[in-house]
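Take the sequence shown: its position 116, counting from 1, is numbered 228 in the numbering used here, and each next residue is one higher.
Just so it is clear, CB atoms sit at the ideal spot from N, CA and C, and this is done for glycine as well.
What follows is a single structure, written as structure tokens, with notes after it.
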Amino acid sequence: MIIGVGEYTPNYAVPPGWILEERLELREWSQAEFARRCGRSAKLISEIIAGKAPIEPDTALEFEKVLDLDANVWLNLEANYQLQLAREREREKLQKAREWYRKFAIPDLVKAGLFEPPTDEIDGTKKLLRFFGVGSLKGWEEKIGAHVALARHTPVFKSSKEAVSVWLRLGEKEATLQECQTYNEGRFKDALSEIRLLTRSQPSDFHPRMTYLCNNAGVAYAPIPPLPGNRLSGAAWWLNRRTPVIQLTLRGKSNDIFWFTFFHEAAHILLHSKKDTFIDEDKRDGTACEAEADAWARDFLIPPQDWGDFIARGIFTKTEICNFAFEQGIAPAIVLGRLQFEKRVRWNSPLNTTIKQSYEIV
Numbered sequence: 113m114i115i116g117v118g119e120y121t122p123n124y125a126v127p128p129g130w131i132l133e134e135r136l137e138l139r140e141w142s143q144a145e146f147a148r149r150c151g152r153s154a155k156l157i158s159e160i161i162a163g164k165a166p167i168e169p170d171t172a173l174e175f176e177k178v179l180d181l182d183a184n185v186w187l188n189l190e191a192n193y194q195l196q197l198a199r200e201r202e203r204e205k206l207q208k209a210r211e212w213y214r215k216f217a218i219p220d221l222v223k224a225g226l227f228e229p230p231t232d233e234i235d236g237t238k239k240l241l242r243f244f245g246v247g248s249l250k251g252w253e254e255k256i257g258a259h260v261a262l263a264r265h266t267p268v269f270k271s272s273k274e275a276v277s278v279w280l281r282l283g284e285k286e287a288t289l290q291e292c293q294t295y296n297e298g299r300f301k302d303a304l305s306e307i308r309l310l311t312r313s314q315p316s317d318f319h320p321r322m323t324y325l326c327n328n329a330g331v332a333y334a335p336i337p338p339l340p341g342n343r344l345s346g347a348a349w350w351l352n353r354r355t356p357v358i359q360l361t362l363r364g365k366s367n368d369i370f371w372f373t374f375f376h377e378a379a380h381i382l383l384h385s386k387k388d389t390f391i392d393e394d395k396r397d398g399t400a401c402e403a404e405a406d407a408w409a410r411d412f413l414i415p416p417q418d419w420g421d422f423i424a425r426g427i428f429t430k431t432e433i434c435n436f437a438f439e440q441g442i443a444p445a446i447v448l449g450r451l452q453f454e455k456r457v458r459w460n461s462p463l464n465t466t467i468k469q470s471y472e473i474v
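Given below as structure tokens:
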């Protein structure tokens, strides 16, 4: 039975020449006869029927006149055939990319709702590439893998490249959704001064305001929960030439660590190159850029002279810590965290339970 052209939906590559051959058989025409009617060579018609030569637009117009079948039909048949061939070539490439796919914690990504459960590794590889917004493994290596590999981070880096790449991609997606002004350093510094005063607030109150202040200054603010294999605290990078991004993890982070990390990443935006990506884990070991960002965040949160006067008094009770924090307009946990970092108060001090709190994504 002749297959109707409108019903032709194979899941494998069938050259449109097969349909042409059926049409010629119906008319009892030889390929040579058809070629003469089209004004084409018999060799070309033979190659089209064998799937070795494509049906070009000019050829489709000639077929339309000779066979009384619209040129669009022939071109659609050719396009579908070429697409199916491309899918088969893609499947071969996806087969080769399965080793890359296996490096990712796919069940965790599915559980996080990042994509639907894959039917097999080929399907999963395709979905993972789509998640990253790249068309091939080569695209991932050039756009994502290289981005992570060239990022500035501490020499002893414990997070896996795959987990970091997923987390950064989530930050990219979040940043892209935000309506940011063009970055302005002056407005960003003003925003940071106001955000510093928000450290005494609860996440439900400060998150919307932080996002607004950052966006108005041209900065995307992306709080993204960590995934398994990710020990990150934050990152600073540029989405494009006009939009820097501050990306943080929150879950399980005490408020002193959260705020110090935020201002540390802000320092990277203010002090360091747009071309660099800074990826920070909870424990940093003091590369030059990291040390500089630490110092800026430390002194921005608590001016050196005020800190010196407070330390000189040498009384680090809850009352003294809270009073000093109130004078500074910052959260008491920031003061306690710095005292602990400088080993003036034990890390396991009872003050932790009364001053610090853990933040969650809200």
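*Pick from TRP350, TRP279, ILE467, ARG456: whose alpha carbon is nearest that of GLY330?*
Mapped onto the sequence shown, residue 330 falls at position 218. Of the candidates TRP350, TRP279, ILE467, ARG456, the one whose C-alpha sits nearest the C-alpha of GLY330 is TRP350.
_DSSP-derived helix/strand/coil call for GLY346_ = In the sequence shown, the residue the question calls residue 346 occupies position 234. Reduced to three states, the DSSP call for GLY346 is strand.
*Under 8 Å between C-beta atoms of LEU280 and VAL260*: Here residue 280 refers to the residue found at position 168 of the sequence shown. Here residue 260 refers to the residue found at position 148 of the sequence shown. Taking 8 Å as the Cβ cut-off, LEU280 and VAL260 qualify as a contacting pair.
*Quick one, are the C-beta atoms of GLN440 and ASP411 less than 8 Å apart?*
Here residue 440 is taken as the residue at index 328 of the sequence shown, counted from 1. Here residue 411 is taken as the residue at index 299 of the sequence shown, counted from 1. Going by C-beta atoms, GLN440 is not nearer than 8 Å to ASP411.
*Contact between the region 339-357 and the region 315-323: three or more CB pairs below 8 Å?*
no
_Going by DSSP in three states, ASN464 sits in which element: helix, strand or coil?_
Numbered from its first residue, the sequence shown carries residue 464 at position 352. Looking at ASN464 - three-state DSSP - the assignment turns out to be helix.
*asked:* My output table needs one value for ASN393: the three-state DSSP class, helix, strand or coil.
replied: The residue you call residue 393 lines up with position 281 of the sequence shown. Before going further, note that residue 393 is Glu rather than Asn in the sequence given. Residue state, collapsed to three classes: strand.
*Do you know whose CA, among HIS319, LEU344, LYS239, lies nearest VAL222's CA?*
Position 110 of the sequence shown holds residue 222. Of HIS319, LEU344, LYS239, the residue nearest in Cα terms is LYS239.
*Is SER153 helix, strand or coil when you go by DSSP?*
Within the sequence shown, the letter at position 41 stands for residue 153. In the structure shown, SER153 sits in coil (DSSP, three-state: anything other than H, G, I, E or B).
*Buried or exposed: which applies to GLN452, given that a residue is buried once 16 or more other Cβ atoms fall within 10 Å of its Cβ?*
Taking the sequence shown and counting its residues from 1, one reaches residue 452 at position 340. Label assigned to GLN452: buried.
_Own chain partners of ILE256 with C-beta closer than 6 Å, once the 5 adjacent residues on each side are dropped_ = Residue numbering aside, residue 256 sits at position 144 when the sequence shown is read from its first letter. PHE244, SER277, listed in sequence order.
*Cα-Cα, which of ARG135, PRO315, HIS380, PHE318 is closest to ASP529?*
No statement about residue 529 is possible, as the shown extent of the chain runs from 113 to 474 and does not include it.
*Relative to the C-alpha of GLN207, which residue among LEU195, GLU233, GLY225 is closest?*
For the purposes of this step, residue 207 is identified with residue 95 of the sequence shown, where counting begins at 1. Comparing Cα positions, the closest option is GLU233.
*What separation, rounded to the nearest whole angstrom, lies between the Cα atoms of GLU174 and GLY129?*
Along the sequence shown, read from residue 1 onward, the residue named residue 174 stands at position 62. Along the sequence shown, read from residue 1 onward, the residue named residue 129 stands at position 17. Each residue's alpha carbon lies about 14 Å from the other.
_Mapping the DSSP letters down to three states, classify SER305 as helix, strand or coil._
In the sequence shown, counting from the first residue as 1, residue 305 sits at position 193. In the three-state scheme derived from DSSP, where H, G and I count as helix and E and B as strand, SER305 is classed as helix.
*Looking at the unbroken alpha helix (DSSP H) that takes in PRO219, where does it start and where does it end?*
For the purposes of this step, residue 219 is taken as the residue at position 107 of the sequence shown. First-last of the alpha helix (DSSP H) with PRO219: 218-223.
*Buried or exposed: where does ASN367 fall if 16 or more other Cβ atoms within 10 Å of its Cβ makes it buried?*
One-based indexing of the sequence shown puts residue 367 at position 255. Residue environment: ASN367 is assigned as buried (16 or more neighbouring CB atoms within 10 Å of its CB, all protein chains considered).
*For the candidate residues VAL126, ARG199, GLU176, GLU145, whose alpha-carbon lies nearest to that of LYS164?*
Indexing the sequence shown from 1 puts residue 164 at position 52. Taking each of VAL126, ARG199, GLU176, GLU145 in turn and checking the Cα distance to LYS164, the smallest one comes out for VAL126.
*Taking only the alpha-carbon atoms, compute the straight-line gap between PRO337 and GLU254 and give it to the nearest angstrom.*
As a first step, residue 337 must be located in the sequence shown, where it is residue number 225. As a first step, residue 254 must be located in the sequence shown, where it is residue number 142. Spanning the two alpha carbons is a distance of roughly 25 Å.
*Within the region 145-192, note down every full beta strand (DSSP E) run reaching 3 residues or more, in order along the chain.*
none
*Going by alpha carbons, who is nearest to PHE375 out of ALA405, CYS150, GLU204, THR399?*
Here residue 375 refers to the residue found at position 263 of the sequence shown. For PHE375, the nearest C-alpha among the options comes from ALA405.
*With DSSP as the reference, label VAL117 as helix, strand or coil.*
In the sequence shown, residue 117 corresponds to position 5, counting from 1. Any reading at VAL117 needs caution, since the residue's pLDDT is 49, under 50, leaving its predicted position unreliable; the model's value is listed next. Looking at VAL117 - three-state DSSP - the assignment turns out to be helix.
*asked:* In the DSSP output, what is LYS365 paired with across the bridge?
replied: Taking the first residue of the sequence shown as position 1, residue 365 is located at position 253. Per DSSP, TYR471.
*Over the uninterrupted beta strand (DSSP E) stretch that includes VAL357, give me the two end residues.*
Along the sequence shown, read from residue 1 onward, the residue named residue 357 stands at position 245. Element bounds for VAL357: 355-360.
*Where does LEU195 land, buried or exposed, given buried means 16+ other C-beta within 10 angstroms?*
Locating residue 195 in the sequence shown gives position 83, counting from the first residue. Label assigned to LEU195: exposed.
*Evaluate contact between the region 205-219 and the region 141-159, counting only Cβ atoms and requiring at least three cross-stretch pairs below 8 Å.*
no
*Have a look at the DSSP bridge pairing and note the partners of TYR333.*
If you number the sequence shown from 1, residue 333 lands on position 221. Bridge partners of TYR333: ILE358.
*asked:* Taking the straight line between their C-alpha atoms, what separation do you get for ALA409 and ALA209?
replied: Start at 1 with the first residue of the sequence shown, and residue 409 comes out as number 297. Start at 1 with the first residue of the sequence shown, and residue 209 comes out as number 97. One C-alpha to the other measures close to 42 Å.
*In whole angstroms, what separates the C-alpha of ASN460 from that of THR389?*
Against the sequence shown, residue 460 aligns to sequence position 348. Against the sequence shown, residue 389 aligns to sequence position 277. Distance from the CA atom of ASN460 to the CA atom of THR389, rounded to whole angstroms, is 34 Å.
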